[in-house]
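Below is one structure; the comments refer to it alone.
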Amino acid sequence: MDSKRYRELVLPAMEMVVKKGEDYNAGPQLHDYFPFGDASYIQMVFLKAQRLVSLQMKEGAPNYEGIKDTLLDLINYIVFYLDYLDQE
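Each residue of the sequence shown is one higher than the last, beginning at 176 in the numbering used here.
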């Protein structure tokens, strides 16, 4: 995979976080959603990974977020955690 393709795959995650940020970040800051530090970030990554496993095992289309949406969320939660680690 070249860097152009990598950017194409990651861009939707960036766009998603901007759109969701408009909904969620009217008051509290991003890191306020993770009150227990490392444990909070790890839990969210774990939950998204479990969601991915569940979607992969399920037959038929999901009612809400599908595999690609879940992968994009996972990318963003990992980036949030990286940002947190850089601020420590």
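Note that the Cβ used here is the ideal one computed from N, Cα and C, for glycine as well.
Point to revise | Proximity winner among Q204, G235, Q218 and Y239, relative to L249 (alpha-carbon distances) | key: Q218
**Study point:** Residue closest to K223, alpha-carbon to alpha-carbon, out of Y252, P210 and D198
**Key:** Y252
Exercise for review: Can you have a look at V192 and say buried or exposed, based on whether 16 or more other CB atoms are within 10 angstroms of its CB?
Suggested key: buried
Exercise for review: Report the rounded CA-to-CA distance for R180 versus L247, giving the unit in angstroms.
Suggested key: 15 Å
Review point. Beta-carbon separation of L257 and T245 under 7 Å?
Key: no
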